[in-house]
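Okay, so here's the structure we're looking at.
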């Protein structure tokens with residue numbers, strides 16, 4: 001390269017900055033070009049004269065002085081008026097260049113803690129995500145709010161892969177998702193040429209041998225910062241919904257984190273209504289109800305609402321799904337024994353609300369961001385309190401009331417003990433201890449929320465009304481006497497919807513259903529899950545407030561400029577015409 005070429009490119013950079021300094025995309029392009037000039041200057045300083053260096057310093061200082069505030073991104077990109085607890089602290093640590101461990105419950109907005117820095121910082125944010133099958137959904141969701149993102153994995157055709165790599169190297173992308181296994185292979189070498197501003201490790205508990213979802217590939221992330229940093233110190237953010245102090249220490253050690261800031265959010269989620277039911281035990285009326293019949297009735301009472309039923313074995317998954325389907329429930333089975341394409345098809349069908357219930361083993365659920373799951377039912381007791389918390393956490397991510405019903409028995413404990421006997425003695429003993437902790441929790445007579453958060457080192461008062469113990473009644477006991485014919489005749493196989501229980505007013509409820517139908521149509525047109533367009537919580541507020549103008553619609557939390565531009569007029573037209 002000749003000095004005159006450098007001078008001309010610097011002149012173009014200055015003009016581009018002056019013309020578009022208020023535009024997110026232009027700012028990032030300029031920051032990327034500035035980084036390229038820095039690297040060139042380090043190796044070929046003779047190409048730069050004093051005037052060129054001064055021009056570059058001027059752009060660099062302007063970018064630093066005019067750095068976008070996180071609060072501005074929160075409002076302008078995501079449409080949220082304020083941060084949730086813990087989000088601002090984590091974002092602040094990252095923007096200061098610190099490593100950080102964030103322990104936040106599902107639904108607390110973990111993804112915003114790396115999406116906002118991705119928009120504020122120059123360079124690209126790498127997100128390490130455990131499940132390839134979910135990466136497209138993650139990218140679709142952030143692109144809906146205007147963030148430029150992609151993913152790199154083995155499912156991409158070569159030509160498309162080359163195009164994505166080119167966009168990365170040009171600095172056009174704010175987020176890139178990759179699996180830990182991919183970083184061990186070709187994806188890692190591709191990213192060595194990309195200026196990264198942050199490495200976010202999602203589901204970070206998978207790195208710990210003490211965690212309930214240990215994945216060996218996560219162990220190989222230890223030297224990732226040095227490998228991808230090219231001499232720069234890139235902050236690392238580790239995120240998970242559950243982690244004991246033992247696991248947190250392991251995460252910091254295995255990721256080679258340097259004096260990480262640590263934030264533990266509250267594990268108490270009031271919108272989750274917890275219930276425990278001992279299998280085979282008579283209810284308050286002295287009657288015994290079969291577990292599968294109780295599950296059917298719980299689902300029948302929630303027609304067309306999205307839910308998960310967890311089972312201990314693949315056989316139980318298949319049998320439960322078939323039983324539900326035979327009674328008109330749109331249910332699908334999911335377990336690791338199914339072919340990969342079948343699992344993907346089942347997952348996609350459920351995410352798009354073409355099925356209401358997914359019956360699954362614990363192989364299902366990690367990374368699922370479906371916000372409108374209204375119930376999680378455990379047909380069998382989970383293996384640990386950590387696993388239980390992760391699984392119930394998939395309900396009510398939008399903050400609306402959701403039910404979590406646990407069926408348990410000592411037979412579940414014995415089944416887990418048999419599984420544990422196949423492994424090393426130390427591991428088997430640890431599993432046996434955790435199973436019994438879970439059984440103690442299930443049989444506990446105190447506030448369930450209080451006992452649950454105590455396991456993670458948090459202390460709260462009794463929930464008052466968000467668990468069966470504090471309410472004095474569980475949802476199963478409140479069900480009417482079981483009659484198979486009445487369940488079949490309840491209309492579950494028809495296109496029946498019920499309004500949100502938060503909208504007791506009939507007009508508001510009908511408005512909510514009309515909004516859901518419109519959302520579904522728009523989502524189908526764009527081949528997206530419905531909840532990616534707007535969450536149930538946003539639709540509930542639309543139905544309540546009935547905004548008539550763009551300004552009023554923008555005041556609803558979760559409606560940002562990009563979604564207003566794409567969907568605003570369509571939703572406003574329905575709200576204006578609704579009678």
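Numbering (my numbering), first residue to last: 1 to 579. All C-beta atoms, glycine included, are put in the ideal place defined by N, C-alpha and C. As the structure is a prediction and not an experimental result, all values here were calculated from the model.
Contacting residues, own chain, Cβ-Cβ under 6 Å from residue i (five flanking each side not counted)
i, result
"residue 493", "Note that residue 493 scores a pLDDT of 43, beneath 50, so its modelled location is shaky and nothing firm can be said."
"residue 261", "93, 98, 100"
"residue 479", "297"
"residue 74", "80"
"residue 530", "353, 519, 520, 523"
"residue 207", "218, 251, 254"
"residue 413", "435, 439"
"residue 151", "135, 139, 177"
Residue of the options minimising C-alpha distance to residue i
i, options, result
"residue 308", "379, 187, 50, 5", "379"
"residue 362", "313, 244, 410, 514", "313"
"residue 460", "149, 266, 434", "266"
"residue 115", "147, 562, 462, 375", "147"
"residue 454", "386, 11, 80, 4", "386"
"residue 293", "320, 341, 303, 164", "320"
"residue 330", "344, 339, 356, 240", "356"
"residue 341", "83, 259, 566, 132", "132"
"residue 50", "85, 338, 7, 32", "7"
"residue 246", "63, 457, 471", "457"
"residue 141", "259, 368, 20", "368"
"residue 517", "471, 95, 545, 575", "575"
"residue 322", "295, 344, 168", "295"
According to DSSP, residues forming a beta bridge with residue i
i, result
"residue 402", "272"
"residue 306", "373"
"residue 2", "Beta-bridge pairing links residue 2 to no other residue."
"residue 332", "358"
"residue 94", "For residue 94, which the question treats as bridged, DSSP gives no partner whatsoever."
"residue 102", "239, 263"
"residue 175", "125, 149"
"residue 408", "278"
"residue 431", "DSSP output for residue 431 lists no bridge partner at all."
"residue 467", "274"
"residue 74", "For residue 74, which the question treats as bridged, DSSP gives no partner whatsoever."
"residue 200", "127, 237"
"residue 378", "310, 406"
Residues near residue i in its chain [Cβ-Cβ closer than 7 Å; skip 5 each side]
i, result
"residue 415", "312"
"residue 91", "70, 113, 116, 117"
"residue 335", "314, 317, 360, 361, 363"
"residue 640", "This structure does not reach residue 640, given that the chain is present from 1 up to 579, and the question cannot be answered."
"residue 469", "445, 446, 447, 448"
"residue 1", "47"
"residue 87", "109, 112, 113"
Chain-order list of residues whose beta-carbon lies under 8 Å from that of residue i (same chain, five-residue window excluded)
i, result
"residue 553", "542, 547, 559, 564, 568, 571, 572"
"residue 432", "416, 417, 420"
"residue 4", "none"
"residue 427", "420"
"residue 373", "306, 307, 308, 394, 395, 396, 397, 402"
"residue 349", "332, 355"
"residue 467", "273, 274, 275, 447, 448, 449"
"residue 411", "279"
Cβ pair residue i, residue j closer than 9 Å
i, j, result
"residue 263", "residue 128", "no"
"residue 557", "residue 538", "yes"
"residue 123", "residue 399", "no"
"residue 375", "residue 395", "yes"
"residue 183", "residue 221", "yes"
"residue 176", "residue 228", "no"
"residue 120", "residue 68", "yes"
"residue 178", "residue 126", "yes"
"residue 443", "residue 279", "no"
"residue 10", "residue 56", "yes"
"residue 566", "residue 144", "yes"
"residue 370", "residue 351", "yes"
"residue 561", "residue 149", "no"
"residue 105", "residue 241", "yes"
9 Å Cβ cutoff, residue i in contact with chain D
i, result
"residue 513", "Note that chain D does not occur in the displayed structure, where there is just one protein chain."
Evaluate the contact criterion for the region 233-240 versus the region 192-205: three or more CB pairs, one atom per stretch, below 8 Å. With the rule of 3 Cβ pairs closer than 8 Å, the region 233-240 counts as touching the region 192-205.
Would you check if the region 388-399 and the region 139-158 touch, i.e. whether three or more CB-CB distances between them fall below 8 Å? Fewer than three Cβ pairs drawn from the region 139-158 and the region 388-399 lie within less than 8 Å of each other, which leaves the two stretches out of contact.
When you compare the region 397-413 with the region 271-283, are there three or more beta-carbon pairs, one atom per stretch, that lie closer than 8 Å? Enough Cβ pairs lie closer than 8 Å, so yes.
Should the region 513-530 be regarded as contacting the region 41-57, the criterion being three or more beta carbon pairs within less than 8 Å? Short answer: they don't touch.
At least 3 beta-carbon pairs within less than 8 Å: the region 369-386 vs the region 427-447: At 8 Å Cβ cutoff, the stretches touch.
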